[in-house]
Amino acid sequence: MYEEFRQLLIEKLEIEPDLIKPESQLANDLGINSLELADLVLFCEDKYGIEIDDDALQKFITVNDVVEYLSGLVPEQ
Amino acid sequence: MKKSFTPRDIKSLDSTKELVYTIASRFGDKPLYYYIENKEQKTYTYNDHKKTFDAFGTALFELGLNGKAVSLCSDQHPYWVASFLSVIAAGGVIVPLDRELMPDQLAGFINITESEAVILSSRELKLLSDQLASLATVRHIIVIGPYEIPEGVNDDRLVRFDTLVEKGRVLIENGDTRFLEYERDNKDLACILFTSGTTGTSKGVMLSEYNLLFSVVQCSRMVEIEDTDTFVSVLPIHHTFALTTNHLAMSYIGGTALMNDSLKHTFKNINDMKPSCLILVPLFLETMDKKIWDGIKKQDKEKQVRRLMSMSNGMRKAGIDMRKTLFAKILNSFGGNLKQIVVGGAPLDPEIIRDFDAFGVTVVEGYGITECCPLISVNPFEWRKFGSAGLVADGLEAKIDDPNEFDEGEIIVRGGNVFMGYYKNPQATKEAFTEDGWFKTGDIGKIDKDNFVYITGRKKNVIIASNGKNVYPEELEEYLNKCDIIKESAVIGRKTDDGIVITALIYPDKDVIGDMDEKELYEKIFSEINLINKGLPTFKHITAIEIRDKEFEKTTTRKIKRFLLK
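Protein sequences, first through last, are from chains A and B.
According to my numbering, the stretch in the first sequence is residues 61 to 137, in order.
According to my numbering, the stretch in the second sequence is residues 28 to 593, in order.
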């Protein structure tokens, strides 16, 4: 899941690949704002057929927070 | 020819009842709102608004809630607007609360305002479920929208908003005129808006019905929206900017809005509704602008588009406007009908205004403050000055207090939209006004000969996030200072190329850190800050720290000298 989410950050938000690490902070290290994150979350909902609670958004601080949350909802291939 | 602006001839309003009745008679069965409930889009007309307003107001009398304080915290819903207006019309005090507050903070505000009822949606009810017992003054918990009672909650104060509306409707049918005939003094306290997250650091801005309606009429006169305009309301509804402009002024003019049901669906809803006008904070425009340019760059067309923009700007000077055709693809990505964006809440990069202008969307920038309900100035549609926060609003006087050699100083204002004072805080109220009654905005700036305002700095500590929300350093410092490892802290908004970065300056407790090395110390403090951030809305997150090895310099009253912080 980490690799898939990393690809999304690169492709959708054009984040520099070298900057992305599991512990990277979405806002501080990667410059992602809340609206971009919300847009990305919607994309993940469509891609994986899941629903992500709006309130979860504010708990996403690092890349790993999102990856862990998605891993809990998306069955492993 | 010298430009000028004449505010539109729009009638002033004396009461919320006059607002609701006027718009119902003018616009009747026209949709006021589209809103999404249980994934289904519903319509709420101007007539529905009047019926809900009257019925809920009558129910308030029946429950003995007329003249009482009522807290209101829910997602966007037409009933939010109707209940806001009904409580005021029934002589009460409405206390709109931020949905992003933590449960103990919400309960704190409900308690200090001695609210006798709270109006919530199911999400907030769930959030508050462990706090319900502590709400001692609350007699009724009124639930808006889908009625989902959290497990374990069994409170006989719970009642559905719909049930009360039905009750009110039947009472009116049977001749109950208590609400319909009631007239309140419009100069009395009608609304309290809190400025930050905790009861300890927040100030309650007290507004009268007169203040609110003065601002609604002011916005209607200054902002050129028409009854043909359609909107998607995306900003939090408890914000005065959104409430006054996107809801109350929009309804006074006769517009129609789709209530955005989630931040996730913002762009989808804009595409579906195809709005002609949006009321936004800079964060949205920055994201929209980035999306546009990312798309252009992906197709390797940046050079081509920039050339088209330059050609189009040149043609416009010759009176030929081809923007709708030239930039149709860009405009279509926001529905295709967008002609105006009103932006406020925080400063916006003028480059973004120029981009949108070149594509065919006029960005109108304004400036306001909760204490003024909020409008202080706005750039008229036909007379915008880049870099200015706009022309001083109709009916408001603004001037610079004690200007320096560059004519800069604190902006002070006087007029019908200026608040009554801070709730239960006479000292702060006294400090907020000059001796001759002008409100001190705390913003530093200048005003030109045409009465346009320019903001150049801030006197207060508040940090303005790009979503327009205020971040009060004192609130974050309160959390930081609770950590054992932190002896003193100060929070500042550091200006960087990426915008304002909320930065915590930390003086660690040397007794606690012992012989910890620098790396370990950073990690330890970061882990504490991550825990604090997890309990806060994203816009308040502390995203940088700087550790210092000396105590902060303080005043004689042991307060940190903030003006020395860089």
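In this text, a Cβ means the ideal position worked out from N, Cα and C, and glycines have one as well.
The model shown is predicted, which means the values in this text are computed figures rather than measured ones.
Taking the C-beta atoms as reference points, B/Ile474 is found nearer than 8 Å to B/Val480.
B/Tyr534 is the residue among B/Tyr534, B/Gln454 and B/Val391 whose C-alpha sits nearest the C-alpha of B/Ala517.
Where B/Lys330 is concerned, the enclosing alpha helix (DSSP H) starts and stops at Glu329 to Lys344.
Using a C-beta cut-off of 8 Å, the segment 407-422 of chain B makes no contact with the segment 344-357 of chain B, since fewer than three inter-stretch Cβ pairs fall below that distance. Annotated as proximal: B/Pro105 and B/Tyr62, with beta-carbon spacing under 8 Å. In summary, the residues of the segment 86-101 of chain A whose CB is separated from some CB of chain B by less than 7 Å are Ala87, Asn88, Gly91, Asn93, Ser94, Leu95, Glu96, Ala98, Asp99 and Val101, in the order they occur in the chain. Look at the segment 414-440 of chain B and you find these whole runs of beta strand (DSSP E), each 3 residues long or longer: 417-419 and 423-428. Per DSSP, B/Ser101 lies in no beta strand (DSSP E) and is assigned neither H nor E. At the C-beta level, B/Ile403 and B/Glu392 stay beyond 8 Å of one another. A distance below 6 Å between beta-carbons, with the five flanking residues on each side excluded, links B/Val180 to the following residues of its chain, in chain order: Ser156.
Across the structure, B/Arg248 and B/Ser39 are spaced so that their CA atoms are roughly 10 Å apart. Assignment of alpha helix (DSSP H) within the segment 45-92 of chain B, counting only whole runs of 4 or more residues, yields 73-89 in chain order. B/Met315 is classed as buried because its beta carbon has at least 16 other beta carbons within 10 Å across all chains shown. Not one beta carbon of chain A lies nearer than 8 Å to the beta carbon of B/His274. Taking C-beta atoms as the reference points, B/Gly526 and B/Asn238 fail to come closer than 8 Å. Assigned with DSSP and collapsed to three states, B/Met286 falls in strand. For B/Leu375, the closest Cβ of chain A is not nearer than 8 Å. Under a criterion of Cβ atoms nearer than 8 Å, the residues of chain B adjacent to A/Ile121 are, in order, Asn557, Asn560, Lys561 and His568. At least one CB atom of chain A sits nearer than 8 Å to the CB of B/Asn494. Where B/Met315 is concerned, the enclosing alpha helix (DSSP H) starts and stops at Pro309 to Lys325.
Shortest Cα-Cα distance from B/Lys426 to any of B/Val390, B/Thr468 and B/Cys400 involves B/Thr468. For the 8 Å CB-CB criterion, B/Ile137 and B/Leu159 do not form a contact. Straight through space, the alpha carbons of B/Leu262 and B/Glu208 are spaced by roughly 34 Å. Identification of chain B residues near A/Asp114 by a Cβ-Cβ cut-off of 8 Å yields Ser289, Leu290 and Lys291, ordered along the chain.
DSSP, reduced to helix, strand and coil, places B/Ser516 within a strand of the structure shown.
CA-CA distance, B/Lys29 to B/Asp382, rounds to 25 Å.
Separation of B/Gly119 and B/Asp212 (C-alpha to C-alpha, rounded to the nearest whole angstrom) is 11 Å. The secondary-structure analysis by DSSP pairs B/His167 across a beta bridge with B/Ala144. Contacts with chain A at 8 Å (Cβ-Cβ) do not include B/Leu133. Listed by position along chain B, the residues whose Cβ is nearer than 7 Å to that of A/Gln118 are Pro564 and Thr565. Close to B/Leu310, with beta-carbon spacing below 8 Å, are these residues of chain A in chain order: Asn93, Ser94 and Leu95.
Shown in chain order are the members of the segment 71-84 of chain A whose Cβ falls below 7 Å from a Cβ of chain B: Glu74. For B/Thr530, same chain residues with a beta-carbon under 6 Å away, outside a window of 5 residues either side, are Ile519, Arg521 and Ala571 in chain order. By the Cβ rule, the segment 262-279 of chain B does not count as touching the segment 124-134 of chain A, because fewer than three pairs are nearer than 8 Å. Counting the other CB atoms within 10 Å of its CB gives B/Phe294 a total of 16 or more, which places it among the buried residues.
Less than 8 Å divides the Cβ of B/Tyr73 from the Cβ of B/Leu59.
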